[in-house]
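Just below is one structure, and these are the notes that go with it.
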Amino acid sequence: MSAPTAPGTCTAAQLDGAVESQLGGGAAGSVYRTLRLTNVSEADCTTAGYPGVSFVDAAGNQLGAPADRADSAVVPVTLAPGTSVSTTLQQTNAQNYGADCGLTQAAGVRVYPPGATDSLILPQDIPACSAASIVLMTVGTVQPVD
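Take the sequence shown: its position 32, counted from the start at 1, is 32 in full-length UniProt numbering, and no numbers get skipped.
Listed below in structure tokens is the structure:
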């Protein structure tokens, strides 16, 4: 009798996601949102750490710099089908940066699940900067959703 195999790392193909507003979630010049990733496959998968996040245009091209990482604890999570992890995504108002920003409109955010090499694009119509020197987002580690 063979031992059961451990679940693999969650890939974008196994996940669906959403960028959700947080009630009262804001600070001067920025907004806090919840980035939620849900296992939509029929198999368990594992995840831990930081997702890669960047704004994209309608063609899926990256706009500006990818998100910086906030200091937060890494918690390994096994996602059963239908369960989720989430993290806080801070988005700064692109209009705060003036001409250096290269103001444009993002059509969404590209998300690389932690440890994955494939990505998913979540729709989000929001002003963004095209300048690669300007970081508009900060993301934390994924955490289990109760």
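Glycine is no exception: its CB is placed at the ideal position from the N, C-alpha and C atoms. Predicted, not measured: the structure shown is a model, and the values here were computed from it.
*Should A94 be labelled buried (16 or more other beta-carbon atoms within 10 Å of its own) or exposed?*
By the 10 Å Cβ count, A94 comes out buried.
*asked:* Once DSSP output is grouped into helix, strand and coil, what is the label at G98?
replied: Correct three-state label for G98: helix.
*Close Cβ partners of C10 (< 7 Å) along its chain, the five nearest in sequence each way excluded*: Counting only residues of its own chain and dropping the five nearest sequence neighbours on each side, C10 has a CB closer than 7 Å to the CB of N39, C45, T46, T47, L79, P113 and A116.
_First through last residue of the beta strand (DSSP E) which encompasses N39_ = Counting along the chain, N39 sits inside the beta strand (DSSP E) bounded by residues S30 to N39.
*asked:* Once the 5 residues before and after A131 are set aside, which same chain residues still bring their CB inside 7 Å of it?
replied: In the same chain as A131, and ignoring 5 residues on each side of it, the C-beta atoms closer than 7 Å to its own belong to G64, D100, C101 and G102, in chain order.
*Alpha carbon to alpha carbon, how far is Y50 from A28?*
Inter-residue distance for Y50 and A28 is about 25 Å (C-alpha atoms, whole angstroms).
*Indicate whether S21 and R110 have their beta-carbon atoms separated by less than 8 Å.*
Contact: no.
*Between A67 and T138, is the Cβ-Cβ spacing less than 8 Å?*
At a Cβ-Cβ threshold of 8 Å, A67 and T138 count as neighbours.
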